[in-house]
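Asker: Chains A and B, in that order, are what the protein sequence lines are.
Each residue of the first sequence is one higher than the one before, starting from 5 at the first, in this note's numbering.
Each residue of the second sequence is one higher than the one before, starting from 5 at the first, in this note's numbering.
Using N, Cα and C, we set each Cβ at its ideal position, and we do this for glycine too.
Below: one structure in structure tokens.
Protein chains: 2
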Amino acid sequence: MSAPELSTRQLRAFLALAQQRNFTRAAQQCHLSQPAFSALIRTLEDAVGARLFDRDTRSVQLTVEGRLFEDAARRLLDDIGEALQDVNDHVARRKGRVHVAALPSLAAGWLPAILAEFGRDWPGITVALSDALSDGCIALVRNKQADFALAAAGSGGAADLQAHALCSDRFHLVCRADHPLAAERRLSIAKIARWPFIQMARTSSLRQALDAAVAPARFKAAFEVEHLATVMGLVDAGLGVSVVPTLTLFHFQRASLVTRPLPLPGLQRTLYVVQRRGESLSSAAQALHDLIMARLATLALG
Amino acid sequence: MSAPELSTRQLRAFLALAQQRNFTRAAQQCHLSQPAFSALIRTLEDAVGARLFDRDTRSVQLTVEGRLFEDAARRLLDDIGEALQDVNDHVARRKGRVHVAALPSLAAGWLPAILAEFGRDWPGITVALSDALSDGCIALVRNKQADFALAAAGSGGAADLQAHALCSDRFHLVCRADHPLAAERRLSIAKIARWPFIQMARTSSLRQALDAAVAPARFKAAFEVEHLATVMGLVDAGLGVSVVPTLTLFHFQRASLVTRPLPLPGLQRTLYVVQRRGESLSSAAQALHDLIMARLATLALG
DNA sequence: GCGCTTTACGCTGCGCGTAAGTATC
DNA sequence: GATACTTACGCGCAGCGTAAAGCGC
Chain A
5 MSAPELSTRQ LRAFLALAQQ RNFTRAAQQC HLSQPAFSAL IRTLEDAVGA
55 RLFDRDTRSV QLTVEGRLFE DAARRLLDDI GEALQDVNDH VARRKGRVHV
105 AALPSLAAGW LPAILAEFGR DWPGITVALS DALSDGCIAL VRNKQADFAL
155 AAAGSGGAAD LQAHALCSDR FHLVCRADHP LAAERRLSIA KIARWPFIQM
205 ARTSSLRQAL DAAVAPARFK AAFEVEHLAT VMGLVDAGLG VSVVPTLTLF
255 HFQRASLVTR PLPLPGLQRT LYVVQRRGES LSSAAQALHD LIMARLATLA
305 LG
Chain B
5 MSAPELSTRQ LRAFLALAQQ RNFTRAAQQC HLSQPAFSAL IRTLEDAVGA
55 RLFDRDTRSV QLTVEGRLFE DAARRLLDDI GEALQDVNDH VARRKGRVHV
105 AALPSLAAGW LPAILAEFGR DWPGITVALS DALSDGCIAL VRNKQADFAL
155 AAAGSGGAAD LQAHALCSDR FHLVCRADHP LAAERRLSIA KIARWPFIQM
205 ARTSSLRQAL DAAVAPARFK AAFEVEHLAT VMGLVDAGLG VSVVPTLTLF
255 HFQRASLVTR PLPLPGLQRT LYVVQRRGES LSSAAQALHD LIMARLATLA
305 LG
């Protein structure tokens, strides 16, 4: 009653014999001795439960049941080959899909060039990019929507995820070029804290890292906004100053503004690559991960 | 480069592990020791060319490539099972088709009851019946349109066919009940030859058998027709007498006619089962052949 | 007798189970 | 230390090739 066992060798031998109608030639085609080939056909006939060939010394030809099985065998071998080919295409990165979640700063600033290079290297792979705040990135990984994330919080105490540090970027003061702090000889948290400050929302990982880094000091929050572009607008309008990580400085590259690194050792945030623990990346995801690692040097970390 | 080998055991093992996500349980399900099962999975991964499971001591789960392969494996096993089931249905005579060619006399007289019984025994099998003259029957077999034939000529000197005798039927005089021959005490060819005779066409196997049997005597051909029903009509109209084999007597079962066996030993024709040499019958055809042989006793051979 | 398949028969090696090893929690 | 996968290892048997035997022409 248990299902009979069948192998691709048997199917290939069967088709070879159906084509050659001669045991000796079919055996050669299968790189087998003729008796071994004969035995292989016999085991196939036992497995199928039907005599598939009429053979005598003079002729070999398919039985009616053999002809029935011939079509099926051909289809089966094709399907098997197709399935293997498909997996191989994914392994060889001719096909695939990778979904990376990244902080907005990375998604807007550094990643696009890498994704472009990746697209040139592996044109068959579809790339999806989610720009989300750190918690959102990590949620996407946990949900198995994203393959991995580039986010600020580490594994966050979650046993199902694992993180390794990608890089650390330092914080910079941003203010108008005509602001007194722009010319201040020795910057410090205390000096900055005297001026109206443009905060990010409390949900922002940037804000959390900053609060943690300067504690117990506090800034005078003149505004609390969601987006760095808004921070830039407010600062440029002279409504306050702010402190942002290196990776976001591209928002502030304009003549009317000044950015100054804060030379305080503890004042930095670390970015992590986050993925599901114990689960390997797909071939496509691994390729993107590798490229990201290889291009780390291009991250201009002031 | 040569295509990798794959077996149903590997596919079943793969699906068991994908389902159980635990080597020990999956091994039990496959009736294998856990190490043997582990090795089987490894050989599958080698054949496919991709790691299909992420495993550590705590968890086993499909990789992305594994999930790709899972659907394919399920489909493949289904298709294989279906192919085997189909062949088995044919072997077990739950499906199939048999095409028999038979002389008109058999097709009209004796076969229908057998075909009806066959249809009751094997309702899944489609039966095709060709009623043709002997040469036509044999041509159908040679063309592989018919599985076998019940015909009068033997193998006919053809090396590609083989025939074995089915039965011999004797010849009978048919004439009107009021015809002098109806009351003749001792019939003979010579006595019959004095009367107008209704011949079959020369292409008829019946005619050929009859000519050969009575040679060198000849009948006085009053008519030469194609069909036995016509012979009956002509005889019934008093236009002549005729001589026909036992199997065709059903055409002449009416009060106005008399049929009398001709007690001459050599005067008979032999019917053969004809099939292609060296080619076995399909399961369905064999079943019909067997039934025909088993019902030979019901042939009323006068 | 010739050509082709099958049977006979050692032999190698794949693949099994048992047992020890290793890693993770 | 408990659990679960992997490695180590000895062994039996499936499956190979060589050689001999059947078998139909």
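(1) Helix, strand or coil for D215(A) per DSSP?
(2) What residues are listed by DSSP as bridge partners for L275(B)?
(3) State the DSSP-derived secondary structure class of Q257(A), mapped to helix, strand or coil.
(4) Quick one: is E86(B) buried, meaning 16 or more other Cβ sit within 10 Å of its Cβ, or exposed?
(5) CB-CB under 7 Å to S260(B), same chain, minus the five flanking residues each way: which ones, in chain order?
(6) According to the neighbour-count rule (16 or more other Cβ atoms, all chains shown, within 10 Å of its Cβ), is A40(A) buried or exposed?
(7) What are the residues that DSSP puts in a beta bridge with H103(B)?
(8) Could you check the C-alpha separation between T234(B) and A163(B) for me, to the nearest Å?
(9) Rounded to the nearest angstrom, what separates Y276(B) and Q257(B) at their Cα positions?
(10) Would you say Q319(A) and F73(A) are within 8 Å of each other, going by their C-beta atoms?
(11) With DSSP as the reference, please indicate the residues paired to F152(B) in a beta bridge.
(12) Taking C-alpha atoms, which residue in F27(A), E49(A) and R78(A) lies nearest to D60(A)?
(13) What is the rounded straight-line gap between the Cα of L48(A) and the Cα of L10(A)?
(14) Flag G244(A) as yes if its beta-carbon sits less than 8 Å from any beta-carbon of chain B, otherwise no.
(15) Report yes or no: is there a C-beta of chain A within less than 8 Å of the C-beta of L133(B)?
(16) From which residue to which residue does the beta strand (DSSP E) around F227(B) run?
(17) Indicate whether T250(A) and R299(A) have their beta-carbon atoms separated by less than 8 Å.
(18) Specify the secondary structure class of D1(A) as computed by DSSP and reduced to three states.
(19) Tell me Q65(A)'s beta-bridge partners as DSSP assigns them.
(20) Within 10 angstroms of its Cβ, does R46(A) collect 16 or more other Cβ (buried), or is it exposed?
(21) Counting along the chain, where does the alpha helix (DSSP H) carrying V235(A) start and finish?
(22) Are the C-beta atoms of Q65(B) and some chain A residue less than 8 Å apart?
(23) Would you say F201(B) reaches chain A, if we count a Cβ-Cβ gap shorter than 8 Å as a contact?
(24) Please tell me whether S11(B) has its Cβ less than 8 Å away from any Cβ of chain A.
(25) Taking the alpha-carbon of Q218(A) as reference, which of M236(A), T207(A) and K195(A) has the nearest alpha-carbon?
(26) Check whether the Cβ of S286(A) lies closer than 8 Å to any Cβ atom in chain B.
(27) Does any residue of chain B bring its CB to less than 8 Å from the CB of P184(A)?
(28) Name the one or two DSSP bridge partners that L4(B) has.
(29) Residues in the same chain with beta-carbon distance under 7 Å from E188(A), minus the five sequence neighbours each way, listed in chain order, please.
(30) With a 10 Å radius around its C-beta and 16 neighbouring C-beta atoms as the bar for buried, classify K148(B) as buried or exposed.
(31) Going by alpha carbons, who is nearest to V107(A) out of V245(A), V262(A), A221(A) and H231(A)?
(32) State yes or no: is the beta carbon of L72(A) nearer than 8 Å to at least one beta carbon in chain B?
(33) Using a Cβ-Cβ distance under 8 Å, would E230(A) count as near chain B?
(34) Rounded to whole angstroms, what's the CA-CA distance from V145(A) to R281(A)? Just pull it up for me.
(35) Within 8 Å, do at least three Cβ pairs link the stretch 279-297 of chain B to the stretch 116-130 of chain B?
(36) If you compare alpha carbons, which of A31(A), L268(A), A150(A) and Q24(A) is closest to R190(A)?
Answerer: Judging by the given coordinates:
(1) Correct three-state label for D215(A): helix.
(2) For L275(B), which the question treats as bridged, DSSP gives the partners C171(B).
(3) Correct three-state label for Q257(A): coil.
(4) Within a 10 Å sphere around the beta-carbon of E86(B) sit fewer than 16 other beta-carbons, which makes this residue exposed.
(5) Around S260(B), the same chain offers R180, A181 and D240 as residues with beta carbons nearer than 7 Å, after the five sequence neighbours per side are excluded.
(6) By the 10 Å Cβ count, A40(A) comes out exposed.
(7) DSSP, once it has assigned bridges, lists A132(B) as partnering H103(B).
(8) If you draw a straight line from the Cα of T234(B) to the Cα of A163(B), it is about 36 Å long.
(9) Roughly 26 Å between the two C-alpha positions.
(10) Any answer about residue 319(A) is impossible in this case: the structure gives chain A only from 5 up to 306.
(11) Bridge partners of F152(B): V104(B).
(12) Residue F27(A) holds the alpha-carbon nearest to the alpha-carbon of D60(A) among F27(A), E49(A) and R78(A).
(13) C-alpha of L48(A) to C-alpha of L10(A): approximately 7 Å in a straight line.
(14) No, its Cβ sits nowhere closer than 8 Å to a Cβ of chain B.
(15) No, L133(B) does not count as interfacial toward chain A.
(16) Its beta strand (DSSP E) spans residues K224 to V229.
(17) Not in contact: T250(A) and R299(A) (Cβ atoms no closer than 8 Å).
(18) In the structure displayed, chain A extends from 5 to 306; residue 1(A) sits before or after that span and is not available.
(19) Note: Q65(A) sits in a beta bridge opposite D58(A).
(20) By the neighbour-count criterion, in which a residue is buried when 16 or more other Cβ atoms sit within 10 angstroms of its Cβ, R46(A) is exposed.
(21) For V235(A), the enclosing alpha helix (DSSP H) has its first and last residue at L232 to D240.
(22) Cβ-Cβ to chain A under 8 Å: yes for Q65(B).
(23) Judged by the 8 Å Cβ criterion, F201(B) is not in contact with chain A.
(24) Taking 8 Å as the CB threshold, S11(B) lines the interface with chain A.
(25) Looking at the sequence provided, one finds Val at residue 218(A) rather than Gln. In terms of CA proximity to V218(A), K195(A) leads the group M236(A), T207(A) and K195(A).
(26) Yes - at least one Cβ of chain B is within 8 Å of the one on S286(A).
(27) Under the 8 Å criterion on CB atoms, P184(A) is classed as non-interfacial with respect to chain B.
(28) As shown, chain B starts at 5 and ends at 306. That puts residue 4(B) outside it, with no answer to give.
(29) If we look at E188(A) and ignore the five residues flanking it on each side, its Cβ neighbours are K195.
(30) By the neighbour-count rule (16 or more Cβ atoms within 10 Å), K148(B) is not buried but exposed.
(31) Here the sequence assigns Leu to residue 107(A), which means Val is not the residue at that position. Of the residues V245(A), V262(A), A221(A) and H231(A), the one whose Cα lies closest to the Cα of L107(A) is H231(A).
(32) With its beta carbon less than 8 Å from one in chain B, L72(A) belongs to the interface.
(33) Output row for E230(A): interface = no.
(34) Those two C-alpha atoms are separated by around 10 Å.
(35) Output reads yes: the stretch 279-297 of chain B touches the stretch 116-130 of chain B.
(36) The residue with the shortest Cα to Cα distance from R190(A) is L268(A).
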